[in-house]
Structures are given as C-alpha cells and as structure tokens.
Amino acid sequence: MDHSQHVANILTPNSSLPEENIGEDRAGEVLIPSIDDSTLPIALRKGVRRCSQTIQEALKISEWKKAVQDEIDALEKNGTWTITDLPVGKRPVGCKWIFTIKYKANGSVERFKARLVARGFNTILWDRLQETFAPVAKLNTIRIFSHWLVNQDWCLQQLDIKNAFLNGDLEEEVYMEIPPGFEESMAKNQVCKLQKSLYGLKQSPRAWFDRFTKAVLKLGYKQGQADHTLFVKKSHAGKWPY
Numbered sequence: 001m002d003h004s005q006h007v008a009n010i011l012t013p014n015s016s017l018p019e020e021n022i023g024e025d026r027a028g029e030v031l032i033p034s035i036d037d038s039t040l041p042i043a044l045r046k047g048v049r050r051c052s053q054t055i056q057e058a059l060k061i062s063e064w065k066k067a068v069q070d071e072i073d074a075l076e077k078n079g080t081w082t083i084t085d086l087p088v089g090k091r092p093v094g095c096k097w098i099f100t101i102k103y104k105a106n107g108s109v110e111r112f113k114a115r116l117v118a119r120g121f122n123t124i125l126w127d128r129l130q131e132t133f134a135p136v137a138k139l140n141t142i143r144i145f146s147h148w149l150v151n152q153d154w155c156l157q158q159l160d161i162k163n164a165f166l167n168g169d170l171e172e173e174v175y176m177e178i179p180p181g182f183e184e185s186m187a188k189n190q191v192c193k194l195q196k197s198l199y200g201l202k203q204s205p206r207a208w209f210d211r212f213t214k215a216v217l218k219l220g221y222k223q224g225q226a227d228h229t230l231f232v233k234k235s236h237a238g239k240w241p242y
C-alpha cells in the first residue's frame with residue numbers, strides 16, 4: 001500500500017457536517033464570540049464559551065475544525081505515524097480528542113486548541129513499560145542550584161520545549177486507531193503505526209527523556225549521578241552552565 005498517505009488529507013471528505021455559527025445557542029450552550037471579551041468582567045469571560053465534547057460536535061464549528069486540522073498537520077509534519085494495514089495478531093490502541101480554550105492574562109480567548117491523545121491505559125504491557133516515568137528535578141538540586149546562581153550573581157534563563165512528548169522516539173511497535181472523525185475516509189483495516197511518542201502513551205515520558213538526554217550529552221554536558229535531571233558543562237572561561 002502507499003505509506004505516503006496522510007491523515008491530514010482526510011478532513012474535507014469526511015466533514016460533511018454543516019458548519020454552525022459558533023454564536024448560536026445550541027442545546028442550552030452560550031457561545032458568544034462576537035462579544036468583545038474585554039467588555040466583560042474577567043470572572044465571566046471564560047463562561048461565554050464551552051469546549052466541544054466530541055469530534056462530531058467540533059467539526060460543525062469552524063474554530064474547532066481549524067484546531068483539529070492544525071493538530072493533525074503538526075503530527076504529520078513531525079512524522080508521528082505512517083498509515084499502514086494492521087498486521088495479523090496486532091491490536092491497536094485507541095485515541096481521543098481533547099478540546100481546550102487557551103486564554104490570555106486578561107481573560108480573553110487566545111486560541112482554540114485540539115489535542116489528540118492515545119488511550120494509553122489499554123496499551124499492551126511490554127517488559128520495558130515497567131520503566132515509563134520521566135524523572136523530575138529533586139528539591140535539593142533546585143535549592144543548591146538557586147544558591148549557586150545567587151552566589152555567582154548569574155542570570156537565570158529558562159525555556160519551554162513545545163509538545164515535548166511528541167519528540168520522543170518509540171522503541172516498541174505500537175499501532176493506533178485512525179483518529180476519530182477521520183475513519184470513514186480510510187480503508188477498514190488501516191491504522192497509524194506510531195514512529196514517535198504521543199501524549200497518553202505509557203512510554204511517552206521515558207521516550208522523551210531518553211532523547212533529550214542523548215541530545216544534551218552530545219553537546220558536551222555530563223549527567224549527574226545523584227540526580228539524573230542535572231546536566232553540567234564547564235565552559236572555556238571556567239563557568240559551569242547547567
């Protein structure tokens with residue numbers, strides 16, 4: 001079969017549901033995007049919108065439909081899966097959509113977000129799944145690090161890795177059902193063979209931390225033995241960036 005087939009190309013054929021104006025009152029919902037959120041008290045701004053509960057409901061609303069398409073596009077671009085036939089004897093894990101609304105500090109809507117997550121609770125347990133965690137920094141490490149920063153009069157810099165778990169490489173063979181809302185445009189026995197970890201999989205935290213560790217070690221950092229989340233590298237100037 002053609003493994004270059006993409007789930008991202010399926011949205012239009014399978015979205016025959018008519019789009020609705022998100023401002024309409026449907027089944028008691030109050031969705032009012034036409035209102036300038038800044039005119040409302042902050043305590044009331046989040047109350048004028050409700051997240052979609054199902055993919056069928058989401059595909060009727062342009063804002064959620066775009067959020068779903070953006071998520072699928074991002075997963076495809078990341079090489080998260082390939083479309084293939086389900087091998088005999090294999091059982092795919094399920095998946096579901098999670099819909100959230102991101103708000104700005106003033107309470108107004110920043111964006112509609114759809115996230116596809118695997119139903120990791122029904123993952124077949126391999127021996128390696130006994131190690132599924134990603135370690136977090138120990139409190140003593142944070143205290144010592146903070147004390148060292150102040151003592152050296154250094155500037156603390158932080159960063160956030162967007163969708164970190166999606167960067168982990170899977171070592172296990174994992175098949176996932178076609179994302180809900182896209183099944184009708186695929187052959188009956190086709191599934192997603194996961195190449196990278198996905199939120200919801202039991203091994204995703206471990207897969208992400210393994211890849212992060214390898215990348216940092218290649219940059220010349222040394223990993224702490226007492227705290228595996230601590231990475232240290234001495235510069236030519238004799239300073240110790242962490």
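Mapping of the sequence shown onto the UniProt record's numbering: residues 1 to 242, in sequence order. Just so it is clear, CB atoms sit at the ideal spot from N, CA and C, and this is done for glycine as well.
What is the DSSP secondary structure of Glu-177, reduced to helix, strand or coil?
coil
Report the three-state DSSP secondary structure of Thr-229 (helix, strand or coil).
coil
Examine the ligand ATP and report whether any of its heavy atoms sits within less than 7 Å of the Cβ of Thr-141.
Of the ligands one can find in the structure shown there are none, so the ligand ATP has no counterpart to examine.
Reduced DSSP category for Lys-77 - H, G, I as helix; E, B as strand; rest coil:
helix
Taking a contact to mean a Cβ-Cβ separation below 8 Å, would you say Thr-80 touches Gln-195 in this structure?
yes
May I ask you to report which of helix, strand or coil DSSP gives Arg-206?
helix
Can you have a look at Leu-166 and say buried or exposed, based on whether 16 or more other CB atoms are within 10 angstroms of its CB?
buried
Locate the alpha helix (DSSP H) running through Ala-58, then write down its first and last residues.
55 to 58
Pick out whichever of Leu-149, Phe-112, Thr-54 and Leu-201 has its Cα sitting closest to the Cα of Glu-171.
Leu-201
Burial state of Ala-105, where buried means 16 or more other Cβ atoms lie within 10 Å
exposed
Taking the C-alpha atoms as reference points, what is the distance between Gln-56 and Lys-113?
16 Å
Inter-stretch contact (C-beta, 8 Å, three-pair minimum) for the segment 88 to 95 and the segment 173 to 189:
yes
Any idea if Trp-148 is buried or exposed, counting beta-carbon neighbours within 10 angstroms, 16 or more meaning buried?
exposed
Grab the span of the beta strand (DSSP E) containing Phe-112 for me, first residue to last.
109 to 118
Neighbour-count burial assignment, Lys-222, 16 or more Cβ in a 10 Å radius:
exposed
Name the DSSP beta bridge partners of Tyr-221, please?
According to DSSP, Tyr-221 bridges with nothing at all.
Give the straight-line distance between the Cα atoms of Asn-210 and Ala-118, rounded to the nearest whole angstrom.
Per the sequence shown, the amino acid found at residue 210 is Asp instead of Asn. Taking the straight line from one Cα to the other gives about 20 Å.
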